[in-house]
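Enquirer: Let me begin by handing over the structure; questions about it come next.
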Amino acid sequence: MLERLNEALDHIESHLDQRIEVAGLARIAMTSEYHFRRLFSALAGISLSEYVRRRRLTLAGAEVLAGERTLLEIAVRYGYGSGEAFARAFRAMHGVGPGEARRAGASLSSQPRMSFRLIVEGSSSMRYRVVEKERFQVVGRKVRVPLVHEGVNPRIAEFIRGLGQETIRRIAELSDQEPEGILGVSDNLDPSRAEGTELDYYHGVVTGAAAPDDLDTLTVPAGAWAVFENSGPFPQALQYLWRDVFTQWFPSNPYQSRPGPEMLRTRLSQDGARADAELWIPVERTAV
């Protein structure tokens, strides 16, 4: 898998002055476009589109300083429809406009070319199982929140506090299948998974029962799920679990993520400092 991802990176590098189709990169990596975006952002720490933008502006910066092409020629070469759009993007990355950079020979920023490698630590194993589930519903209360990579998500914490114990009890009583109990369910995530992008968060349960009219419902089609377990400090261990699934498990196993919600079952210790977690990710087998 990592070898194919690096082949896709090579393709990006050789086509930075051309249109780059994500579908073509996914074909090189022999995976779905959806999974390619997810895996790239998890491994790289930035979205695919942001990486391509920064690499293009890095090369554009070198050409601006070289002075062999006009600024408009450089703008068009790297996909900008006007000199003004190029200047805005250039300044956002480099902190200076292209004209000023050329006149003054300014210091510019650089996005290094990436390559991926798997670091095998071997100090612990990742516990997982694969489960086939029939069509089901997530029933609970929904809110649109920003994605937070590190620490407690304050919008989610505020939302849960505002539900009230009676509402939470009513939701919990609807749970009738795995994963049991109250869950945190994330859906409609931005493909980039960038910090601050928004997602639908459900505080709810998995059920086959009809939902009360005053609760929100998400219908989930049948499919396979990879289920991961871990224990550790809250919330860091949960966030590291998501990271490890995409940076370690997927590159080492014949599965790819598929569209669908991600479900997290969390059980906190009495002091709230530690948690036992069970993370459900929708998956499908890849061709070997």
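Last residue of the sequence shown: 294 in the numbering used here, with the numbers rising by one and none dropped. Glycine included, C-beta positions come from ideal geometry on N, C-alpha and C.
Which stretch, first to last residue, makes up the beta strand (DSSP E) that contains residue 194?
Expert: Where residue 194 is concerned, there is no enclosing beta strand (DSSP E), given that its DSSP letter is neither H nor E.
Enquirer: Please say whether residue 146 and residue 177 have beta carbons closer to each other than 7 Å?
Expert: Cβ atoms of residue 177 and residue 146: closer than 7 Å.
Enquirer: Using the DSSP secondary-structure output, state which residues sit across from residue 225 in a beta bridge.
Expert: BP columns for residue 225 point to 143.
Enquirer: Using 8 Å for Cβ pairs, my map puts residue 63 next to residue 95. What's the rounded Cβ distance?
Expert: At roughly 6 Å, the Cβ-Cβ gap stays under 8 Å, so residue 63 and residue 95 are in contact.
Enquirer: With the cut-off set at 7 Å, would you say residue 190 and residue 181 are in Cβ contact?
Expert: No. Outside cutoff.
Enquirer: Looking at the strands, I want to know which residues DSSP matches up with residue 262.
Expert: Looking at the DSSP assignment, residue 262 forms a beta bridge with 290.
Enquirer: Quick test of your reading: residue 160 and residue 286, contact by CB under 8 Å. State the CB separation rounded to the nearest angstrom.
Expert: Their Cβ separation, rounded to whole angstroms, is 24 Å, which puts residue 160 and residue 286 out of contact at 8 Å.
Enquirer: Per the DSSP calculation, residue 253 is bridged to which residue(s)?
Expert: Bridge partners of residue 253: none, in fact.
Enquirer: Can you find the residues in the same chain that come closer than 6 Å, C-beta to C-beta, to residue 253, ignoring five residues on each side of it along the sequence?
Expert: If we look at residue 253 and ignore the five residues flanking it on each side, its Cβ neighbours are 48 and 49.
Enquirer: According to the neighbour-count rule (16 or more other Cβ atoms, all chains shown, within 10 Å of its Cβ), is residue 131 buried or exposed?
Expert: Below a pLDDT of 50, predicted positions are generally treated as unreliable, and residue 131, at 46, falls in that range; no measurement from the model is reported.
Enquirer: Locate the beta strand (DSSP E) running through residue 210, then write down its first and last residues.
Expert: Unbroken beta strand (DSSP E) run through residue 210: 204-213.
Enquirer: State the DSSP-derived secondary structure class of residue 149, mapped to helix, strand or coil.
Expert: DSSP places residue 149 in strand when its eight states are reduced to three.
Enquirer: Going by Cα to Cα distance, which pick from 51, 227 and 141 is closest to residue 200?
Expert: Checking every option, the nearest Cα to that of residue 200 belongs to 51.
Enquirer: According to the neighbour-count rule (16 or more other Cβ atoms, all chains shown, within 10 Å of its Cβ), is residue 37 buried or exposed?
Expert: Counting Cβ neighbours within 10 Å, residue 37 comes out buried, since at least 16 surround it.
Enquirer: Quick one: measure Cβ to Cβ for residue 12 and residue 122, integer angstroms, because I've assumed they're closer than 8 Å.
Expert: Rounded, the Cβ-Cβ distance is 6 Å, consistent with contact.
Enquirer: Can you look up residue 127 in the DSSP assignment and give me helix, strand or coil?
Expert: Note that residue 127 scores 47 on pLDDT, short of 50, meaning its location in the model is unreliable and no value can be drawn from it.
Enquirer: Mind the definition here: the stretch 200-212 touches the stretch 236-243 only if three or more C-beta pairs lie below 8 Å; say whether that holds.
Expert: In short, these stretches do not touch, since the Cβ pair count stays below three.
Enquirer: Return the CA-CA distance between residue 239 and residue 58, expressed in angstroms with no decimal places.
Expert: Taking the straight line from one Cα to the other gives about 35 Å.
Enquirer: For residue 231, does the three-state DSSP call read helix, strand or coil?
Expert: Three-state result, residue 231: strand.
Enquirer: Under the three-state reduction of DSSP, which class applies to residue 27: helix, strand or coil?
Expert: Looking at residue 27 - three-state DSSP - the assignment turns out to be coil, as it is neither helix nor strand.
Enquirer: Can you name the start and end residues of the alpha helix (DSSP H) that residue 7 belongs to?
Expert: Here residue 7 belongs to no alpha helix (DSSP H), and DSSP marks it neither H nor E.
Enquirer: Rounded to whole angstroms, what is the Cα-Cα separation between residue 208 and residue 117?
Expert: If you take the alpha carbons of residue 208 and residue 117, they lie about 37 Å apart.
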